[in-house]
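Residue numbers (the working numbering): 1 to 176.
Built from N, CA and C at the ideal position, the CB exists for glycine as well.
On a predicted model such as this, the values are computed, not experimentally measured, just so you know.
Notes follow once the structure below has been shown.
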């Protein structure tokens, strides 16, 4: 199989819940992409490996794969996929080191904003908001949620009302 076929097979295995087999397939795809000189492909496969290892609770391999993926995306100038890898690192750290998680989420949100991907920027800010909410940092959680809603390209009626309520609450707290 070539690299793209390995990628497709790895995704199929992942969706079927065969995580270890998917990782093995993605690792083979990393090698195939490396042989082809496709650093973006390598990064994408490493990002996939990192996500799976995070889901399996294997922090060290997840961190290694996601960090390598982000570095490869920097080298090829792909800010969007770099931001995805950083957001995944934020997810990885959210349970253990919330300071690092916040840094990764913030960096990802900034890169998504620079790349014009407002939907993904909104998703990362929402994840940061929910993490702050779980920490009991309510004002900061409201700020990040308001930013998340402001970043969304299209808001329905209820999200617009929610954003207005958040803005009002933040004014009451003297933040806005």
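Within 9 Å, strictly: CB atoms of residue i and residue j
| i | j | result |
| --- | --- | --- |
| residue 89 | residue 110 | no |
| residue 83 | residue 120 | yes |
| residue 92 | residue 133 | no |
| residue 131 | residue 101 | yes |
| residue 50 | residue 7 | no |
| residue 139 | residue 173 | yes |
| residue 112 | residue 103 | no |
| residue 147 | residue 164 | no |
Delimiting residues of the alpha helix (DSSP H) encompassing residue i
| i | result |
| --- | --- |
| residue 157 | 157-172 |
| residue 56 | Per DSSP, residue 56 belongs to no alpha helix (DSSP H) and is neither H nor E. |
Any non-hydrogen atom of the ligand ATP closer than 8 Å to residue i Cβ
| i | result |
| --- | --- |
| residue 31 | As far as ligands go, the structure on display features none, and thus does not contain the ligand ATP. |
Query raised in the report: On the three-pair Cβ rule with 8 Å, is the segment 9-21 touching the segment 31-38?
Result: With a cut-off of 8 Å, the segment 31-38 and the segment 9-21 do not count as touching, because too few Cβ pairs lie within range.
Query raised in the report: Counting pairs of beta carbons, one from the segment 71-86 and one from the segment 98-108, are three or more of them closer than 8 Å?
Result: Touching, yes, given that three or more Cβ pairs across the two stretches are closer than 8 Å.
Query - In chain order, each alpha helix (DSSP H) run of at least 4 residues that lies wholly inside the segment 81-163 - result: Whole alpha helix (DSSP H) segments, 4+ residues: 98-115, 118-134 and 138-151.
Query raised in the report: Does the pairing of the segment 24-32 with the segment 42-62 give three or more beta-carbon distances under 8 Å?
Result: Enough Cβ pairs lie closer than 8 Å, so yes.
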